[in-house]
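Each protein sequence line maps, in turn, to chains A and B.
According to this note's numbering, the stretch in the first sequence is residues 34 to 353, in order.
According to this note's numbering, the stretch in the second sequence is residues 195 to 470, in order.
Heads up, the thing below is written out as structure tokens.
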Amino acid sequence: MNMQLNNRGSKPTKTGFGEGVLEAGKLHPELMVLGADITASVGLDLFAKEFSERFISLGIAEQNCAAVAAGLALSGKIPVFSTYGVFAALRSADQIRVSVCYNNLHVIIGGAHAGISVGPDGATHQALEDIAIMRVLPNMTVLSPCDATQAKLLTQLAADKLKSPVYIRFGREAVPDFIPTNIETEIGKGQLLKEGNDVSLMATGHMVWEALQAAYILEKQGVDARVINIHTIKPIDKNIIIEAARETKKIVTVEEHQVYGGFGSAVAEVVAQNFPVKMKIIGINDTFGESGKPAELMKKFKLDAEDISTTVIQFLNDNN
Amino acid sequence: MIFKKIQDAGELKIISANIRKDILLSLAEAGSGHTGGSLGLADIFTCLYFSVMNHDPQNPQWKGRDRLICSIGHVAPVLYAALAHAGYFPEEELLTLRKLGSRLQGHPGRDHGLPGIELSAGSLGQGLSVAVGMALAAKYDREDHRIFCIMGDGELQEGSVWEAVMSAAHHKLDHLCVIVDRNNLQIDGRTSDVMELEPLADKWRSFGWEVMECNGNDHKEILSTLGSMSDVHSKPVVMLAHTLMGKGVKAIENDYRWHGKAPSKEEAEKFIATLE
Numbered sequence: 034m035n036m037q038l039n040n041r042g043s044k045p046t047k048t049g050f051g052e053g054v055l056e057a058g059k060l061h062p063e064l065m066v067l068g069a070d071i072t073a074s075v076g077l078d079l080f081a082k083e084f085s086e087r088f089i090s091l092g093i094a095e096q097n098c099a100a101v102a103a104g105l106a107l108s109g110k111i112p113v114f115s116t117y118g119v120f121a122a123l124r125s126a127d128q129i130r131v132s133v134c135y136n137n138l139h140v141i142i143g144g145a146h147a148g149i150s151v152g153p154d155g156a157t158h159q160a161l162e163d164i165a166i167m168r169v170l171p172n173m174t175v176l177s178p179c180d181a182t183q184a185k186l187l188t189q190l191a192a193d194k195l196k197s198p199v200y201i202r203f204g205r206e207a208v209p210d211f212i213p214t215n216i217e218t219e220i221g222k223g224q225l226l227k228e229g230n231d232v233s234l235m236a237t238g239h240m241v242w243e244a245l246q247a248a249y250i251l252e253k254q255g256v257d258a259r260v261i262n263i264h265t266i267k268p269i270d271k272n273i274i275i276e277a278a279r280e281t282k283k284i285v286t287v288e289e290h291q292v293y294g295g296f297g298s299a300v301a302e303v304v305a306q307n308f309p310v311k312m313k314i315i316g317i318n319d320t321f322g323e324s325g326k327p328a329e330l331m332k333k334f335k336l337d338a339e340d341i342s343t344t345v346i347q348f349l350n351d352n353n
Numbered sequence: 195m196i197f198k199k200i201q202d203a204g205e206l207k208i209i210s211a212n213i214r215k216d217i218l219l220s221l222a223e224a225g226s227g228h229t230g231g232s233l234g235l236a237d238i239f240t241c242l243y244f245s246v247m248n249h250d251p252q253n254p255q256w257k258g259r260d261r262l263i264c265s266i267g268h269v270a271p272v273l274y275a276a277l278a279h280a281g282y283f284p285e286e287e288l289l290t291l292r293k294l295g296s297r298l299q300g301h302p303g304r305d306h307g308l309p310g311i312e313l314s315a316g317s318l319g320q321g322l323s324v325a326v327g328m329a330l331a332a333k334y335d336r337e338d339h340r341i342f343c344i345m346g347d348g349e350l351q352e353g354s355v356w357e358a359v360m361s362a363a364h365h366k367l368d369h370l371c372v373i374v375d376r377n378n379l380q381i382d383g384r385t386s387d388v389m390e391l392e393p394l395a396d397k398w399r400s401f402g403w404e405v406m407e408c409n410g411n412d413h414k415e416i417l418s419t420l421g422s423m424s425d426v427h428s429k430p431v432v433m434l435a436h437t438l439m440g441k442g443v444k445a446i447e448n449d450y451r452w453h454g455k456a457p458s459k460e461e462a463e464k465f466i467a468t469l470e
């Protein structure tokens with residue numbers, strides 16, 4: 034049975050993150066937000082306006098921000114520290130490793146501008162390495178919602194359910210807000226969006242929509258593709274991956290991230306150790322991004338639905 | 195029960211000597227670790243834990259306690275010895291330092307369950323930021339406990355320290371008291387040769403901090419400076435504590451080669467015999 038998709042228009046996942054922080058802030062008086070000068074750009078202006086006394090401006094100083102968050106968490110607060118993923122995950126990586134993760138503190142880190150769909154800002158601002166760096170850290174949970182509604186839900190769950198560090202990755206470009214509200218979003222659980230037995234397409238973040246569209250293109254070509262949304266990259270849902278490997282025998286992963294060490298690698302770790310089958314990892318192939326309109330870049334880096342379907346056909350032909 | 199505070203400098207001096215003895219014994223038993231800075235800070239740790247800070251070894255998580263963030267995690271031996279002598283855990287446990295399964299990790303690690311450890315730390319330059327977070331929380335909650343942050347002078351070469359310094363002044367964090375162990379030495383040699391820090395007091399002052407200086411190996415001076423620090427309002431305060439690396443053991447005082455070296459058991463015995 035395929036999921037009935039919703040049509041709630043299009044929104045960036047960053048909007049969902051901002052709304053999620055606002056809702057979590059209403060529920061948790063101890064939730065505090067740190068500003069790193071790009072407050073509106075990462076969706077936190079909603080909270081800053083509503084709860085100005087719980088918004089702390091720290092300027093352009095990401096390393097300080099991450100460790101200040103640790104100090105707040107040690108004092109019983111739930112700090113939210115968000116900036117572009119390139120800075121959140123890379124500039125403050127050591128502070129996140131030692132002060133946040135080694136101390137195992139409930140700090141919510143938001144990584145904005147995920148992937149090349151950031152567009153014209155170009156390579157410096159397109160986060161393509163953050164999944165790899167965040168998922169290697171002990172105690173860290175890594176979330177990558179596929180649409181704004183899911184981003185809001187996961188952000189609220191990160192505040193409500195977790196007591197440990199969490200990295201939430203989200204994008205700038207509007208993406209269809211389609212996840213059916215009647216299927217449960219639970220940290221650590223993948224979501225089967227379309228049945229299929231010829232190949233499994235597993236995607237994360239904004240690429241889930243593209244993977245779904247690719248599956249519909251493949252359907253017209255006689256390929257019955259399963260589509261799975263993995264919104265929690267760590268801890269990853271092993272069961273849904275092993276089941277897909279067993280039943281479809283072939284797996285293709287799709288991410289807006291380097292193909293080394295990211296989402297595809299996380300899936301491959303599960304597949305190789307539990308039910309080895311052929312895999313294709315679609316993502317950015319060990320190169321930096323560049324300027325351009327988001328759609329142009331998705332085309333150039335072969336990440337749109339049409340290119341994904343072509344790659345899948347090629348992969349199936351090579352492995353029949 | 196809040197720790198009973200000792201004001202008599204003579205009595206504090208005896209505690210510092212005992213702490214130094216345990217630093218040497220634990221390091222000799224461990225076979226590695228940081229001797230120089232640990233010995234140099236013994237007097238400051240004694241004053242904080244036995245005379246200045248509000249804390250309760252029987253209830254280490256007491257909400258109203260003053261916090262001590264040891265940003266230079268490598269001086270763990272002096273932190274551990276001070277905590278043990280204050281009653282947080284048995285002094286015999288000091289001899290497990292750096293050993294497999296010990297609660298006394300090479301650099302403090304909260305995950306190993308040692309009571310009294312506020313922060314797992316060891317990567318230089320992070321402790322002040324964490325202390326800023328704690329001071330922000332205390333200010334928001336209108337609590338009056340203080341956050342003490344012990345830093346090394348070499349550590350001030352880390353750029354992110356100055357992000358933290360800027361933010362503490364911006365938010366007028368008067369709950370925050372920083373103590374810089376100004377011993378002028380680091381692993382490669384003199385700080386002035388490795389990377390010049392002077393004019394150090396001017397740097398802090400220009401960032402909006404109140405700056406105090408004292409002889410960090412003189413209990414009376416330390417106590418009176420720490421006392422004045424609590425009178426500073428609407429801005430953070432730093433004490434540049436002039437100490438001698440290796441203080442108390444004449445044979446190794448002011449010798450940067452003892453920054454990261456542990457004494458052998460024979461050396462430790464010899465050093466202990468000469469402790470002031």
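For every residue, glycine included, the Cβ atom is placed at its ideal position computed from N, Cα and C.
Here the structure is a predicted model, which means the values were calculated and not measured.
Can you list, in chain order, the residues of its chain with a C-beta nearer than 7 Å to that of residue i? Leave out the 5 residues immediately preceding and following it.
| i | result |
| --- | --- |
| B/A325 | I263, I341, C343, L370 |
| B/S245 | K199, I200, Q201, L206, L417 |
| A/D257 | G229, N230, D231 |
| A/D337 | E243, M331 |
Hey, would you say residue i sits closer than 8 Å to residue j, going by beta carbons?
| i | j | result |
| --- | --- | --- |
| B/P430 | B/L367 | yes |
| A/L64 | B/S361 | no |
| A/G53 | A/L186 | yes |
| A/Y117 | A/I71 | yes |
| A/M235 | A/Y200 | no |
| A/R205 | A/V151 | yes |
| A/K227 | A/L251 | no |
| B/S220 | B/L308 | no |
| B/A456 | B/A222 | yes |
| A/G295 | A/E288 | yes |
| A/P327 | A/A181 | no |
| A/A247 | A/S342 | yes |
| B/H339 | B/N448 | no |
| B/N377 | B/M423 | no |
Apart from the five residues on each side of it in sequence, which residues of its chain come closer than 6 Å, Cβ to Cβ, to residue i?
| i | result |
| --- | --- |
| A/I129 | A99 |
| A/P268 | G221 |
| B/Y243 | A276, A280 |
| A/P209 | S43, W242 |
| A/N307 | I275 |
| B/P251 | A280, G281, Y282 |
| B/E230 | Sequence check: residue 230 of chain B is Gly here, not Glu. Around B/G230: M439, G440, W452, H453. |
For residue i, which residues from the same chain have a beta carbon less than 8 Å from its beta carbon, with the 5 sequence-adjacent residues on both sides left out?
| i | result |
| --- | --- |
| A/D270 | G221, K222, G223, I263 |
| B/M345 | S265, I266, G321, L322, V355, V372, I373, V374, D375 |
| B/D465 | For clarity, residue 465 of chain B is Phe in the given sequence; the question names Asp instead. Hits under 8 Å: L218, V443, A445, I446, P457. |
Classify residue i as buried or exposed, calling it buried when 16 or more other Cβ atoms lie within 10 Å of its own Cβ.
| i | result |
| --- | --- |
| A/P171 | exposed |
| A/Q254 | exposed |
| A/K110 | buried |
| B/Y274 | buried |
| B/G258 | exposed |
| A/Q96 | buried |
| B/H306 | exposed |
| B/G204 | exposed |
| B/H427 | exposed |
| B/A445 | exposed |
| B/M389 | exposed |
Distance check for residue j and residue i, CA to CA, integer angstroms please.
| i | j | result |
| --- | --- | --- |
| A/P178 | A/S74 | 18 Å |
| A/N272 | A/L225 | 12 Å |
| B/N409 | B/L391 | 18 Å |
| B/V443 | A/V303 | 56 Å |
| B/F197 | B/W452 | 33 Å |
| A/Q183 | A/N215 | 12 Å |
| B/G310 | B/Q255 | 8 Å |
| A/T48 | A/G42 | 13 Å |
| A/F50 | A/A301 | 28 Å |
| A/P112 | A/S125 | 15 Å |
| A/Q59 | A/L79 | The question names Gln, yet the displayed sequence has Lys at residue 59 of chain A. Taking the straight line from one Cα to the other gives about 12 Å. |
| B/L420 | B/S232 | 20 Å |
| A/H146 | B/R297 | 41 Å |
| A/S108 | A/I89 | 15 Å |
Taking 7 Å as the line, does the beta carbon of residue i fall inside it for any heavy atom of the ligand MG?
| i | result |
| --- | --- |
| B/Y282 | The ligand MG is not part of the structure shown, which contains no ligands of any sort. |
For this session: Determine contact between the segment 180-198 of chain A and the segment 312-328 of chain A, defined as no fewer than three beta-carbon pairs at a distance below 8 Å.
Result: Contact between the segment 180-198 of chain A and the segment 312-328 of chain A is absent, because fewer than three Cβ pairs lie under 8 Å.
Exercise. Is the segment 453-465 of chain B touching the segment 392-403 of chain B, taking contact as three or more C-beta pairs under 8 Å?
Worked result: No, the segment 453-465 of chain B does not touch the segment 392-403 of chain B.
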